[in-house]
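Peer 1: Below: one structure in structure tokens.
Number of protein chains: 4
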Amino acid sequence: MEGKKKYNIAIVGASGYTGSELARILVQHQKVEIKMITSETHTGKPFSELHPQFLGILDLPLESAEEVSKNQLDVVFLALPHGVSMEYIKKWKDKKAMMIDLSGDYRLSGPDVYKNWYKQDHVFPEAFDRAIYGLPELHENRIRGAQLVANPGCYPTASILSLAPLFKDQLIKEGSVVIDAKSGTSGAGVKASNTTHFSNVNDNFKAYGLRIHRHTIEIEEQLGNLQKEKAKIQFTPHLLPVDRGILATSYAQVNEEMSQKKLDEIYGEFYKGKPFVRLRSSIPALKDVRGSNYCDIMPIWDERTQRVIVLSVIDNLVKGAAGQAVHNMNLMLGIPQETGLLQSPMQP
Amino acid sequence: MEGKKKYNIAIVGASGYTGSELARILVQHQKVEIKMITSETHTGKPFSELHPQFLGILDLPLESAEEVSKNQLDVVFLALPHGVSMEYIKKWKDKKAMMIDLSGDYRLSGPDVYKNWYKQDHVFPEAFDRAIYGLPELHENRIRGAQLVANPGCYPTASILSLAPLFKDQLIKEGSVVIDAKSGTSGAGVKASNTTHFSNVNDNFKAYGLRIHRHTIEIEEQLGNLQKEKAKIQFTPHLLPVDRGILATSYAQVNEEMSQKKLDEIYGEFYKGKPFVRLRSSIPALKDVRGSNYCDIMPIWDERTQRVIVLSVIDNLVKGAAGQAVHNMNLMLGIPQETGLLQSPMQP
Amino acid sequence: MEGKKKYNIAIVGASGYTGSELARILVQHQKVEIKMITSETHTGKPFSELHPQFLGILDLPLESAEEVSKNQLDVVFLALPHGVSMEYIKKWKDKKAMMIDLSGDYRLSGPDVYKNWYKQDHVFPEAFDRAIYGLPELHENRIRGAQLVANPGCYPTASILSLAPLFKDQLIKEGSVVIDAKSGTSGAGVKASNTTHFSNVNDNFKAYGLRIHRHTIEIEEQLGNLQKEKAKIQFTPHLLPVDRGILATSYAQVNEEMSQKKLDEIYGEFYKGKPFVRLRSSIPALKDVRGSNYCDIMPIWDERTQRVIVLSVIDNLVKGAAGQAVHNMNLMLGIPQETGLLQSPMQP
Amino acid sequence: MEGKKKYNIAIVGASGYTGSELARILVQHQKVEIKMITSETHTGKPFSELHPQFLGILDLPLESAEEVSKNQLDVVFLALPHGVSMEYIKKWKDKKAMMIDLSGDYRLSGPDVYKNWYKQDHVFPEAFDRAIYGLPELHENRIRGAQLVANPGCYPTASILSLAPLFKDQLIKEGSVVIDAKSGTSGAGVKASNTTHFSNVNDNFKAYGLRIHRHTIEIEEQLGNLQKEKAKIQFTPHLLPVDRGILATSYAQVNEEMSQKKLDEIYGEFYKGKPFVRLRSSIPALKDVRGSNYCDIMPIWDERTQRVIVLSVIDNLVKGAAGQAVHNMNLMLGIPQETGLLQSPMQP
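Protein chains in written order, with full-length UniProt numbering: chain Z, 1 to 348; chain R, 1 to 348; chain B, 1 to 348; chain D, 1 to 348.
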């Protein structure tokens, strides 16, 4: 029976937060079955040994990524570091499975830009042509037909969605955009480091990656495409003493008369029918979306300073990674886009 | 069609954490429909105005509890402070709906014990006889036939489950039990107070309620019933700088020879077939169960000191409140007990 | 003997964080003696009953502020809410003691601006003329001769210091300044409220006071004075899940050619000989200054975007309140300005 | 002039938290001068490059520990891991400087016990005879005459002080003691690891080191000495999501009649004249002592369960490490014991 058909899924890369978050979402997704999860360093162990929260829920033994070739798979999620992902995409280039890459390897426009910002050569530039940037609110139709999707970065998701309606309408005054973004530490990954050492983060706060963070160019390219003219934005990330969540506070000057009413109309129009963007009239907080696939956005017109301020919040592991990847999968498979993604945010 | 039948549900008391947590679980529960949510202070407002995380998910306008009498309801959840709950249970005593009381009003054995520990008279003692203590791992059969369930306290849930197998087998040396429990602040409720003021909790830690915490008697009565002899336990709660979760570290001396192997068998036997208790062989942490209905338990035999140590963790708002209430509802309605309760823990 | 002379000090307003922080600093200050501390609601109680950390250190019984008139005092600190402070300054207008007001009552240029931003009438505008804005890095000489000092707000301290050198040199491109500031919750005061309820802050983050925060005008007036032309800045505060600390991330475009070297020279020149400003070449974090009177500043030139970014961090209760007040006192009394203010930051 | 004499000090081991905490305390200590700080991995760098909070305060270049032999030093602090410390104590055995060892190498009674619990051979057992256990509340006189002091562990400091009065009076019922202790993460050191990875600690809580933690034997030996009979205690540490602080909740049954009054007298008597122990009549919290050398203790008699509960809190880096080491130094040098240790706790 059609309704009972389940798609076979693989998660490549089990140890990181995007891997475990994909598992958290997909074990409850009624249209898929997790066929395999891979880890090169923990091969043979049950997934739940790595992530004890899954005890009794997902005890599948971890396999090597080499096994992917031997399985009939409908969708492969690559939850791998950039630079590693492209190696597998090259290796599996003739495989039929749809691929969703959660790394940064195919988010930019081509190998030169990639090299400039990621400081390494791209080993499989051929795939850039068919890789679709997987931000459903911008590219839904192209994603539906895609075989390879580059899942957006977490900061770009929050940042692009916060300003897309204005760029789309070519309302942005050149050079005026400042995006001051703040992220929880899960964005820095599962691996212990000085950056994520508890006492360096707890009760603390700092900026990082000033001027040169890789997500800058990803934001600039996408927003530039929207306004059909190159964009230059000022992007500054900060590290919050929280687990999950990104708040982007975006500032822009506009090139025509503006009001709160007009601003609300522009955003309302742009996001009509988009199930995971919620326009807010009260100030959004990280926990309003935590654990969910929502992006809450509040655009504000400051008459006194003649500037637009936009607040946008996401859960970096869900809308900023695993949830958006599942959203992309749903579109690629042609099933209802909300499937498996309707859990309510967890607050407190 | 039988499979499509949905039960009509009311949540009485919308503003607290148990109210919003019931909503979080029930909006995804396939066998129920939330017909009404009540709040006396916010009547008329959408539920999502009080709890913005529910925007677009549950925008139901809040009603007065007075409206409960006018509706056809299958189950009523009372998410109210103790002392208030019993007033409504009295008022609705002829109503047909099943009632699940999340307050402490019917957890104890009778009005005298209630008065001793809650320092107030009980206004409707008649219902004690039919109120079933809703800890499914102990009283599953009685809950199945109940019309009124007293949902256990959060500390008692973690504490009783950690020692029940030993009390059941009458293995506990009298007077030897110490339960040192630590809870996140959501247990203290949604209302702002000095106790929950951020700078009094953050980067801080302290004990409270020493010697006289109400949950002491609840634990003693339940464990005493199990061993068919009164129990006296030392119970000390502490306030953790975390949102959710209880860890109970329980210590006991036993009255016959013990070993790790024997201990594991006792616990394995007792919890066989209980879907929400997971016996652990690695040390459980709060986040291993956060957002879920699991109680993870690790019993340890310390040969050197001849003492049993049991670690048990729950999410105080789920297994310690709303999740357990839904578990009780499932049993009362005769539907599969796991229904709507299988979300994976959220880590990080 | 001259060296032994101690000045008599009163702290008016014991219950708040600025009151207890003044006590923490002043009990170790070798040139002063705390003669009295006042609280209208806790009169008679030892100070250490309100703040148990002072047990055995400062057990002085709290007095009513009415007693201030009866004592020989050299310096009176007013650690009171705005609107209350001015009442006392009016009442004590003929008292000889130097006064340091930690509220916002005399920080602005006059009663009209005050009314506009604080939404209430000023009851004692006469004192505006003699009130000196107590930011020692800008107004050291005027503070030395002052009898009444308006201690700066916490955000303005971090914000003004971050941009003062550029405004002083009239380098700022009009309308280009965005100050995105983030503060710990102690800035919201000691009183329990929804805003500071643990579970609303912990693992969470949000903006507040957009467009209309009172500190906006305080920053604009001070920076405007420096460049001898009105300034308009975009100021957005955010609430961090930390106890103490403000990070201001300031963005500005400049009206002449700039380089990192030139920027460093401008800041180096401006802050030469200022003991509590530390120019940083590594990214400053809140904990680098926690518990201390330092303001760490890092100016960055972004060649790509042609924009200056300045990071500045302070402890809002020390450099942003009590420490700066003591600094002002030292200047007013003519004793070495660092006296009592050299404790090292506490990290972790 | 005698009063002006400053003692020359070295801190061996600059990178850890005990090293930086020693620096924080000693830069303000009027009787000492920090002559050298060592680090084998960062030799040549300024101390403030490792710990930016000391910029402008302590910029001393780091030296190799080999240089210690070449300097005239009065006191050497060894802020090193166990196993490393004893190597240096062996190497410097003929050096005249007083030595204070902050590792565990000389805290136990001898090399066999050491090997049993630290799982390694002791390389310089000869020094056990002259090493004094540096808990001033117990061994003040012996510390005054010592050349080598073994600075107590953090958990033992909080634990021993909480029960010493009862053991001293031989009041403890054998086998009845349970110490349930909770520590901030700085106790786990400065080095990044899974244990201290932010998202593994934040909003989380767990036990560790059950049954076998090394501090168990240290507590047992010291308490056993006090009652002149071997002691066996149940000790369980837990990891708190806070930077600093230990709370030990200790439970004991007693072998004679007890009352709150009697208990208070026993503790009052024992701690009379001890400047850093504060007996509390309100429940102590970690922040009541944070950043300070105080140990706050509250003994409670539970009439209902006939059990003593003792709450004790310390800052693990101060009273549990660097502060206590400086206290020991003061005693060894014969200067007033409070010197340099009177900073007030930092709250919030």
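Ideal Cβ placement from N, Cα and C applies to all residues, glycine included. Being a predicted model, the structure only gives us computed values, none of them experimental.
When you compare only the Cα positions, how much space is there between Phe235 of chain Z and Ile143 of chain Z?
Peer 2: Distance between the alpha carbons of Phe235 of chain Z and Ile143 of chain Z: 27 angstroms.
Peer 1: Measure from the C-beta of Met1 of chain R to each C-beta in chain Z and report whether the shortest distance is under 7 angstroms.
Peer 2: Caution is warranted here: a pLDDT of 41 is assigned to Met1 of chain R, below 50, making its placement in the model unreliable, and the coordinate value is therefore given only provisionally. It does not; no Cβ of chain Z falls within 7 angstroms.
Peer 1: Between Ala322 of chain B and Glu218 of chain B, what straight-line distance do the alpha-carbon atoms span, to the nearest angstrom?
Peer 2: Answer to the nearest angstrom: the Cα atoms are 18 angstroms apart.
Peer 1: Can you check whether the CB of Lys173 of chain B is closer than 7 angstroms to the CB of Gln227 of chain B?
Peer 2: No; because the gap between Cβ atoms is not below 7 angstroms, this pair is not in contact.
Peer 1: Find out if the Cβ-Cβ distance for the pair Asp203 of chain D, Ser199 of chain Z is shorter than 7 angstroms.
Peer 2: The answer is no: Cβ separation not under 7 angstroms.
Peer 1: So what does DSSP say about Met86 of chain Z, is it helix, strand or coil?
Peer 2: Residue state, collapsed to three classes: helix.
Peer 1: If you measure from the beta carbon of Lys272 of chain R to each beta carbon in chain A, is any gap under 7 angstroms?
Peer 2: This model lacks chain A altogether; the protein chains it does include are Z, R, B and D.
Peer 1: Taking Ile309 of chain R and Tyr251 of chain R to be in contact with their CB atoms under 8 angstroms, please state how far apart those CB atoms are, rounded to whole angstroms.
Peer 2: That pair is a contact at about 6 angstroms.
Peer 1: What whole-angstrom Cβ distance do Asn71 of chain B and Lys35 of chain B have, given they're in contact under 8 angstroms?
Peer 2: Right, the Cβ-Cβ distance comes to about 6 angstroms (below 8 angstroms), so this counts as a contact.
Peer 1: Let me know the secondary structure DSSP gives Ala97 of chain Z once reduced to three states.
Peer 2: Here Ala97 of chain Z sits in coil by DSSP.
Peer 1: Any beta-carbon of chain D closer than 7 angstroms to the one on Phe205 of chain R?
Peer 2: Yes - at least one Cβ of chain D is within 7 angstroms of the one on Phe205 of chain R.
Peer 1: Asp180 of chain B: which of B:Arg24, B:His238, B:Ala127 sits nearest, CA to CA?
Peer 2: Cα-wise, what sits closest to Asp180 of chain B is B:His238.
Peer 1: Using 7 angstroms as the threshold, is the C-beta distance between Pro241 of chain Z and Pro284 of chain B below it?
Peer 2: Going by C-beta atoms, Pro241 of chain Z is not nearer than 7 angstroms to Pro284 of chain B.
Peer 1: In chain D, which residues lie less than 7 angstroms from Pro345 of chain B when you measure between Cβ atoms?
Peer 2: Neighbours of Pro345 of chain B on chain D, chain order: Gln53.
Peer 1: Answer yes or no: does any C-beta atom of chain B fall closer than 7 angstroms to that of Asp191 of chain Z?
Peer 2: Checking the sequence shown, residue 191 of chain Z turns out to be Lys, not Asp. No, because no Cβ of chain B sits closer than 7 angstroms to the Cβ of Lys191 of chain Z.
Peer 1: Please state whether DSSP places Asn8 of chain Z in a helix, a strand or coil.
Peer 2: In this structure, Asn8 of chain Z counts as strand in the three-state DSSP scheme.
Peer 1: Could you give the uninterrupted runs of the alpha helix (DSSP H) lying entirely in the stretch 4–73 of chain Z, keeping only those of 4 residues or more?
Peer 2: Listed in chain order, the complete alpha helix (DSSP H) runs (minimum 4 residues) inside the stretch 4–73 of chain Z are 17–26, 47–50.
Peer 1: Checking 7 angstroms against the spacing of the C-beta atoms, do Leu247 of chain D and Val313 of chain D come in under that value?
Peer 2: Closer than 7 angstroms, so yes.
Peer 1: Can you confirm whether Arg280 of chain D, when its beta carbon is compared against all beta carbons of chain R, has any partner nearer than 7 angstroms?
Peer 2: Judged by the 7 angstroms Cβ criterion, Arg280 of chain D is not in contact with chain R.
Peer 1: Who are the Cβ neighbours of Arg214 of chain R in its own chain at under 8 angstroms, not counting the five residues just before and after it?
Peer 2: Answer for Arg214 of chain R: Gly104, Trp117, Tyr118, Gly153, listed in chain order.
Peer 1: Is the number of C-beta pairs between the stretch 37–53 of chain Z and the stretch 336–343 of chain Z that are closer than 8 angstroms three or more?
Peer 2: Verdict: no, contact absent.
Peer 1: What are the start and end residues of each continuous beta strand (DSSP E) run of 3 or more residues lying completely inside the stretch 167–238 of chain R, in chain order?
Peer 2: Whole beta strand (DSSP E) segments, 3+ residues: 178–183.
Peer 1: Looking at the secondary structure, which residues open and close the alpha helix (DSSP H) in which Met332 of chain Z lies?
Peer 2: Taken as a continuous stretch (DSSP letters only), the alpha helix (DSSP H) holding Met332 of chain Z covers 323–333.
Peer 1: For Pro111 of chain D, name the three-state secondary structure that DSSP assigns.
Peer 2: In this structure, Pro111 of chain D counts as helix in the three-state DSSP scheme.
Peer 1: Residues of chain R with CB closer than 9 angstroms to the CB of Arg24 of chain Z, please, in chain order.
Peer 2: Those within 9 angstroms of Arg24 of chain Z in chain R are Gln343, Ser344, Pro345, Met346, Gln347.
Peer 1: When the cut-off is 7 angstroms and only beta carbons count, does Ser186 of chain R lie next to chain Z?
Peer 2: Interface residue, yes.
Peer 1: With distances taken Cα to Cα, identify the nearest neighbour of Ile212 of chain D among R:Leu80, R:Glu303, R:Ile335.
Peer 2: If we check each option's Cα against that of Ile212 of chain D, R:Glu303 comes out closest.
Peer 1: Cβ of Ile37 of chain D within 7 angstroms of Cβ of Ile11 of chain D?
Peer 2: Yes, Cβ-Cβ distance for Ile37 of chain D and Ile11 of chain D is below 7 angstroms.
Peer 1: By the criterion of Cβ-Cβ separation under 7 angstroms, what are the contact partners of Arg307 of chain R in chain D?
Peer 2: Within chain D, the residues near Arg307 of chain R are Gln234.
Peer 1: With a CB to CB cut of under 6 angstroms and the five nearest residues on each side skipped, what residues in its chain are close to Met1 of chain Z?
Peer 2: Because the pLDDT of Met1 of chain Z is 41, which lies under 50, any placement of that residue in the model is unreliable, and the number read from its coordinates should be weighed accordingly. Excluding residues within five positions, none has a Cβ falling inside 6 angstroms.
Peer 1: Does the stretch 147–165 of chain D come close enough to the stretch 145–162 of chain Z to have 3 or more Cβ pairs within less than 8 angstroms?
Peer 2: Short answer: they don't touch.
Peer 1: Answer with yes or no whether the minimum CB distance from Thr196 of chain B to chain R is below 7 angstroms.
Peer 2: So yes, Thr196 of chain B belongs to the interface.
Peer 1: At the 7 angstroms Cβ level, is Gly291 of chain R part of the contact set with chain Z, yes or no?
Peer 2: At least one chain Z Cβ lies under 7 angstroms of Gly291 of chain R.
Peer 1: With three or more beta-carbon pairs closer than 8 angstroms as the criterion, would you say the stretch 182–196 of chain Z touches the stretch 259–275 of chain B?
Peer 2: Short answer: they don't touch.
Peer 1: Measuring alpha carbon to alpha carbon, tell me which of R:Lys90, R:Gln147, R:Gly245 ends up nearest Ile100 of chain R.
Peer 2: Comparing Cα-Cα distances from Ile100 of chain R to each of R:Lys90, R:Gln147, R:Gly245, the minimum goes to R:Gln147.
Peer 1: In chain Z, what lies closer than 9 angstroms to Gln147 of chain R by C-beta?
Peer 2: Neighbours of Gln147 of chain R on chain Z: none; closest Cβ ~29 angstroms, over 9 angstroms.
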